[in-house]
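In the working numbering, the protein residues as written are 26 to 411.
Think of the CB as a built atom: it goes at the ideal place given N, C-alpha and C, for glycine as much as any other residue.
Remember, it's a predicted structure, so these values are computed and weren't measured experimentally.
The structure under discussion appears below in the form of structure tokens.
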Ligand SMILES: Cc1ncc(COP(=O)(O)O)c(C=O)c1O
């Protein structure tokens with residue numbers, strides 16, 4: 026049975042070219058970038074070259090890039106680092122109800138440390154309203170953090186508009202771009218960004234590596250203390266193979282992959298909505314990530330459908346991979362105003378560059394079949410698949 030992976034928002038396989046770029050740094054070029062000898066300096070060169078590639082991609086200066094262990098660490102660092110460093114100036118942070126758990130839980134923890142957090146709502150498409158941000162900013166506000174491409178429903182937030190408001194009001198602006206990086210253009214200058222979270226494993230790079238862009242002049246405390254690596258902002262021996270792989274993944278990310286993912290996403294959306302009765306698309310119909318197609322299927326339990334598709338070799342998700350161990354409905358779908366039933370009947374398909382047109386066609390065929398079967402089996406069933 027062919028396996029069809031449609032869970033690229035959870036993670037992606039490492040691209041062969043990325044693996045090839047990393048391999049020498051695991052074995053013969055294994056040096057510690059802090060060592061003075063030649064082997065160490067080779068590692069240091071690879072580190073700085075990678076930093077340059079990533080900085081160029083977002084129109085930043087290499088000195089503004091701090092490597093981390095991934096998106097979770099970057100988001101923790103951005104929020105806690107700025108909050109503590111600036112706590113004499115203010116104690117208020119603004120975010121939204123549709124952030125990744127690592128932002129929400131960092132904010133909840135900051136509340137226990139004397140900070141005040143506003144969690145803004147979103148509309149039915151999962152879109153935050155820039156005007157709500159403008160109105161929520163007070164004299165006490167230090168920072169605003171808004172997710173760029175939503176990991177569950179794919180909605181893309183208007184970060185440039187939000188960034189402009191924050192800049193005018195003198196408030197730091199951070200965005201979590203783990204899902205959008207290399208899919209949606211990001212320019213830290215034009216988007217008025219002070220901090221930007223990115224990671225490698227969503228873009229065919231390795232797991233356990235990411236970065237935080239920190240605009241020059243931003244006041245931020247280190248969150249991980251030690252030997253003073255990364256300009257004293259993030260100590261710990263640099264993960265050179267991971268960082269080299271991250272840079273390679275950025276280098277090979279291309280427009281044609283985005284075009285192809287968009288095409289497959291759209292086939293998936295069009296076929297599902299037209300061929301499966303009582304199915305709805307979640308997230309913004311137009312402003313959405315090129316790889317995200319999230320649906321609700323009335324009367325269906327999402328988890329059961331996921332398991333039945335898995336038996337056909339098709340991998341998708343009932344929401345954020347990180348929170349799929351809980352039985353709680355997705356906080357993102359709830360923030361968008363869905364009922365518990367509709368939230369529980371949702372499935373996320375996220376396409377990748379290695380998918381084929383046949384993968385998509387087969388997935389829709391299996392979905393039609395399984396939704397039909399589950400509805401027939403349901404005690405309240407009776408809804409037919411078109
Ligand atoms: C939007 C978003 N932010 C943060 C993360 C966490 O990133 P990482 O897995 O690199 O810690 C993820 C991935 O799960 C994500 O999708």
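- With a cut-off of 8 Å on Cβ pairs, the segment 177-189 is not in contact with the segment 52-72, counting fewer than three such pairs.
- In the structure shown, residue 229 adopts coil according to DSSP, grouped into three states.
- For residue 384, the enclosing alpha helix (DSSP H) begins and ends at 382-402.
- In this structure, the beta-carbon distance from residue 289 to residue 304 does not fall below 7 Å.
- DSSP, read as helix, strand or coil, puts residue 34 in coil.
- For the options 220, 150 and 183, the alpha carbon positioned closest to that of residue 96 is the one of 220.
- The closest CA to that of residue 154, considering only 137, 182, 177 and 51, is found on 182.
- DSSP places residue 253 outside any beta strand (DSSP E), giving it a letter other than H or E.
- Counted as a single uninterrupted DSSP element, the alpha helix (DSSP H) harbouring residue 368 occupies residues 365-369.
- Secondary structure of residue 212 (DSSP, three-state): coil.
- By the CB criterion at 7 Å, residue 62 and residue 375 fall outside the cutoff.
- In the pairwise beta carbon analysis, the segment 260-276 is classified as touching the segment 34-51: at least three pairs are separated by under 8 Å.
- The three-state secondary structure of residue 100, taken from DSSP, is helix.
- Where residue 50 is concerned, there is no enclosing beta strand (DSSP E), although the alpha helix (DSSP H) around it starts and stops at 41-51.
- Residue 180 places its beta carbon 7 Å or farther from that of residue 224.
- In the pairwise beta carbon analysis, the segment 369-386 is classified as touching the segment 323-341: at least three pairs are separated by under 8 Å.
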